[in-house]
Amino acid sequence: MENHPYAPAEIEPYWQAEWQEKSAFKIPNDIETLKTKPKFYVLGMFPYTSGAGLHVGHAKNYVPSDVFANFRRMQGYHVMHPMGWDAFGLPTERTAVRENEHPAHITERNTETFQQQMQRIGFSYDWSRKIDTSVPEYYRWTQWIFLRLYEKGLAYLADVPVNWCPALGTVLSNEEVKDGKYVETGDPVERRLMRQWMLKITAYADRLLEDLDVLDWPEGLKEMQRNWIGKSEGADITFKIKESDKTFTVFTTRPDTLFGATYCVLAPEHPLVSEIAHPDAASAVNAYVKEAINKSDLQRTDLATEKTGVFTGAYAINPCNNAPIPIWVADYVLMTYGTGAIMAVPGHDERDHEFASAFGIPIVEVISGGEKPIEEAPFEGDGVCVNSDFLNGLRVADAKERMIAWLESEERGTRQVQYRLRDWLFSRQRYWGEPFPLAHLEDGTIVQLPDEELPVELPLIDAYKPTEDGKPPLARADANWLKVTLPDGQTATRETNIMPQWAGSCWYYLRFLDAHNTEVPFDPELERYWMPVDSYMGGAEHAVLHLLYARFWHKVLYDCGLVSTKEPFQGLLNQGTILAQSYQDAKGKYYYPHEAEEKDGEFVAKASGVSLQTQIEKMSKSRFNVINSDDVIDNYGADSLRLYLLFIGPFTASTPWQDAGVEGVYRFLQRVWRLVIDEDSGELSEKLTDAAGTTESELWRELHKTIKQVTEDTESIDKMNTAISQMMIFVNTATQAKSLPKEILKIFLHLLSPYAPHIAQELWHRLGETGFIALSQWPTHDEAVLTSATVTIIAQVNGKLRNRLELPADATEKEIEEAALADERVQRFIEGKPIRKVIVVSKRNLINIVV
RNA sequence: GGUCGAGUGGUGGAAUCGGUAGACACAACGGACUUAAAAUCCGUCGCCUGUAAAAAGGUGUGGGGGUUCAAGUCCCCCCUCGACCA
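Letter by letter, the first sequence follows residues 116 to 966 of our numbering.
This is the structure:
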């Protein structure tokens with residue numbers, strides 16, 4: 116006899132094709148049609164399209180955003196839910212070099228894979244809005260926006276220290292360098308000053324900081340952005356150099372401790388270092404500077420490492436008491452923060468204290484209140500000024516104000532706000548990125564190309580590496596590309612740097628709104644309708660850089676009158692990472708799970724027998740523990756994959772993948788299937804009836820309970836795991852019911868549809884409905900159905916549960932108390948003891964008797 | 001070192017405003033069905049005492065202390081892990 120079990124491999128491709136063919140999730144682009152409904156913009160951070168394809172870690176982000184988009188759509192919103200590809204960047208360029216193929220071809224192949232994998236999961240994206248940051252139709256507008264920044268004076272050239280690898284002849288990012296070596300080849304890397312494009316993000320520091328307050332983001336994430344921007348208020352103070360007319364300026368957040376400054380430190384890169392060094396000290400200073408310059412900032416400022424430094428032989432004059440204090444050079448001071456020079460107050464700063472102790476520099480207490488003597492430990496807390504002349508007796512906050520006022524009146528310093536945020540290094544000496552829409556005249560003048568000339572397309576070149584004389588790869592392009600004739604007839608040479616990988620992702624959420632516009636980057640009316648993004652979901656690894664860069668560009672566009680909101684992403688959630696078991700031998704080499712086996716409770720490599728360590732860690736290609744979404748779909752179907760990723764835990768929690776867990780949700784879907792379909796005949800189950808839903812009153816109540824909870828849990832996004840639990844409870848109840856009104860099942864299928872769209876659609880269809888359940892209306896629960904005639908009262912004695920009492924729902928507190936005191940089991944515990952207090956919590960259906 | 005977050009059965013995780021700890025699953029175990037197995041259905045499942053089995057009781061949310069009629073939840077100290085920053 117033929118069987119008719121739940122067969123996702125048959126129903127899923129069918130409905131995916133139907134959705135595609137009927138454009139089920141296509142959003143109109145006509146503003147009048149759009150205005151008939153409220154809008155909702157759900158955006159999952161688009162993926163970098165590496166060759167590895169989509170794994171379940173990506174899906175952990177995209178599945179909840181898809182469920183939420185489905186949910187809002189059923190609630191009657193126009194839902195913007197697009198997808199696209201972040202395609203420019205180094206990984207693809209590296210693959211291109213390795214495989215000797217143009218990066219555009221590789222990108223095409225990779226994006227094709229990603230799209231197929233996503234379509235197999237049944238996401239409700241409007242694929243007609245798909246974008247790819249590496250195609251000219253898109254990056255034309257990235258260049259266009261860059262020109263708006265350039266016009267506003269926000270892009271400039273500067274000599275900045277970069278990681279230069281002589282062996283490769285190229286600049287590397289900080290992430291590619293570890294311990295002064297290129298992480299992949301071990302070639303040495305040095306710090307070198309190079310002329311680079313910078314974006315003046317620091318001009319927006321204050322607004323980037325202040326506007327965080329209006330965003331619905333997790334507090335921790337806002338705090339990370341605040342720390343990154345790192346605003347600190349204090350003063351710039353000018354120090355004269357003894358027996359010289361030279362001066363230097365320091366920035367300090369603690370002007371109140373100026374009387375305690377017993378030495379100064381210049382960063383090794385500080386221009387004064389070579390000028391002021393005493394002849395006797397010059398050679399030691401030079402040697403020190405040379406060594407320090409190649410260390411990373413992290414190495415230099417790490418509190419754990421021992422402080423190093425060298426005395427210059429010169430003295431500065433403390434501006435508040437004219438005391439001469441020695442000037443040192445030390446690498447714990449960075450040229451890139453503040454002024455590259457500090458006043459050191461060892462009594463009240465930990466690093467200064469450590470340094471002064473090591474080199475025998477005096478330590479003076481100027482703020483009282485420390486627990487230990489000032490020679491033993493610095494005191495960084497709040498206290499009262501001492502040994503500080505006109506500041507004596509003031510508390511720290513007042514002393515700061517007083518000192519700044521005094522410095523300003525004496526013209527020895529000014530109030531100053533300092534940011535940790537640096538300007539954004541915006542150029543790369545690479546190939547696979549957006550060319551700058553700029554050119555250089557013979558005399559060195561830089562000119563912007565007219566908007567009509569865009570896009571500046573990437574030229575074809577023969578090798579993706581810098582030229583022998585150190586110019587970027589684009590300098591290899593032929594003269595047709597390199598030379599450009601300007602509207603005024605002059606000839607210029609194109610800029611050969613490219614933009615960094617971040618550029619394309621800084622505004623992609625705007626292009627989705629009007630993805631095919633050839634006149635403007637996006638239509639202003641559409642922008643006003645859709646923006647801001649209501650719910651942006653993605654990994655915490657983008658908590659700082661991507662989100663800060665995109666917010667910066669958005670604010671510039673706002674200032675240009677091109678967008679209507681100050682912030683791009685009103686709501687934001689970070690998904691937890693997905694973890695998986697990985698296997699490593701003693702040397703740290705990773706093994707695939709299929710290469711490992713368990714022997715006597717230990718793991719060993721199948722081939723060699725060497726013993727392996729196992730751990731649960733982040734799923735990634737380099738750890739050989741990636742689970743591909745296609746494999747899961749092959750075995751269980753897309754609906755099981757979706758459900759499992761949600762059921763595994765809250766959206767924001769990091770949880771380990773367990774193959775066995777997929778079985779559980781797969782079984783659940785099979786039970787759902789059997790509620791509707793008789794597996795033996797393939798016909799509708801005989802339990803199904805056309806009776807009203809209320810005829811199965813217990814099930815009817817469970818249904819309404821389920822509507823309520825699924826609605827609330829889906830709304831929160833973070834609790835979709837408990838929404839699924841409740842659906843399981845409903846299905847368990849329905850399985851045991853003697854008869855099943857179709858009405859009840861149809862309502863339930865609505866709840867299931869955002870989560871498991873294929874099976875919900877198939878069963879909806881089998882129950883005789885036409886059209887897409889995904890486009891039907893979300894049900895609401897009836898509170899009256901949930902109330903019942905009796906309630907269960909929890910009876911406690913001294914806070915411990917002793918019995919449950921079934922009482923009428925309208926029982927008064929007095930009646931509850933009487934019933935509880937009369938209860939036999941409660942009696943056993945109060946027997947013979949005086950009752951001291953009785954507390955009835957009617958809201959919680961609870962009574963506590965204290966004896 | 002600093003900031004923020006977390007720690008609950010064998011496992012993933014539930015638990016609203018302080019009010020029944022362990023929902024829902026996985027794994028395990030037992031039973032029904034089957035020639036057998038798979039699948040399915042039913043049941044047990046924190047630990048300890050207790051019992052033939054129950055009943056019943058004690059204890060229990062990283063550790064210690066506190067507030068409260070009542071603490072996984074609030075406060076203080078400590079330990080461990082994670083993220084970010086230095």
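We treat Cβ as the ideally placed atom computed from N, Cα and C, and that holds for glycine.
Please read all numbers here as calculations on a predicted model, not as lab measurements.
Within the stretch 146-186, the complete beta strand (DSSP E) segments at least 3 residues long are 154-159, listed from N- to C-terminus. With a threshold of 16 other beta carbon atoms within 10 Å, H819 meets it and is buried. In this structure, the alpha-carbon of M652 lies about 28 Å from that of S542. The three-state secondary structure of A720, taken from DSSP, is strand. Look at T207 here: in three-state DSSP terms it is helix.
In the three-state reduction of the DSSP assignment, C621 falls in the helix class, which pools H, G and I.
Counting along the chain, the unbroken beta strand (DSSP E) around E921 starts and ends at K915 to P923. Fully contained in the stretch 694-780 are the following beta strand (DSSP E) runs of length 3 or more, in chain order: 711-714, 717-720 and 726-733. Per DSSP, L522 is one residue of the alpha helix (DSSP H) stretching across V511 to E525. The alpha carbon of T151 has as its nearest neighbour, out of K721, G191, I792 and R786, the alpha carbon of G191. Distance check between I432 and each of F684, R527 and R310 places R527 closest, using alpha-carbon atoms only.
Taken in chain order, the whole alpha helix (DSSP H) runs of length 4 or more contained in the stretch 334-420 are 334-344, 387-391, 397-407 and 412-416. Taking C-beta atoms as the reference points, K315 and Y534 fail to come closer than 7 Å. Listed in chain order, the alpha helix (DSSP H) elements of length 4 or more contained wholly in the stretch 554-623 are 594-597.
For I457, the enclosing beta strand (DSSP E) has its first and last residue at A456 to A459. Between the alpha carbons of M195 and D241 lies a distance of about 8 Å. Following the DSSP letters along the chain, one finds E813 inside the alpha helix (DSSP H) bounded by residues S812 to S831.
Judged by their CB atoms, V460 and P383 are not nearer to each other than the 7 Å cut-off. According to the DSSP assignment, P251 belongs to the alpha helix (DSSP H) that extends over P251 to E266. In this structure P856 touches T810 by the C-beta definition: roughly 6 Å separates them, less than 8 Å. The C-alpha of Y870 is placed about 39 Å away from the C-alpha of K721. Counting C-beta pairs closer than 8 Å gives fewer than three between the stretch 820-830 and the stretch 768-776, which falls short of the contact rule. For M198, the CB contacts under 6 Å within the same chain, skipping 5 residues up- and downstream, are Y240 in chain order.
Sequence-distant partners of V479 (beyond 5 residues in either direction) whose C-beta falls short of 7 Å from its own C-beta, in its chain, are G375, T377, G462 and N502. For Y673, the three-state secondary structure derived from DSSP is helix. Classified as exposed, C675 has fewer than 16 neighbouring CB atoms from the shown chains inside 10 Å of its CB. Our two residues, K296 and Y447, have alpha carbons roughly 21 Å apart in a direct line. Its Cα nearest to that of V286, the residue E305 stands out among Y271, E305 and L890. For Y546, the closest alpha carbon among the candidates Y579, V250 and S524 is that of Y579. Secondary-structure assignment with DSSP links T285 through a beta bridge to C280. For V635, the three-state secondary structure derived from DSSP is coil.
Listed as beta-bridge partners of H193 by DSSP are K154. With three or more CB-CB distances shorter than 8 Å, the stretch 719-736 counts as touching the stretch 685-701.
For the pair H657 and W645, the Cα-to-Cα distance works out to about 23 Å. The three-state reading of DSSP puts I874 in helix, counting H, G and I together. Taking 8 Å as the upper bound for CB-CB distance, A849 and L790 are in contact here, some 6 Å apart.
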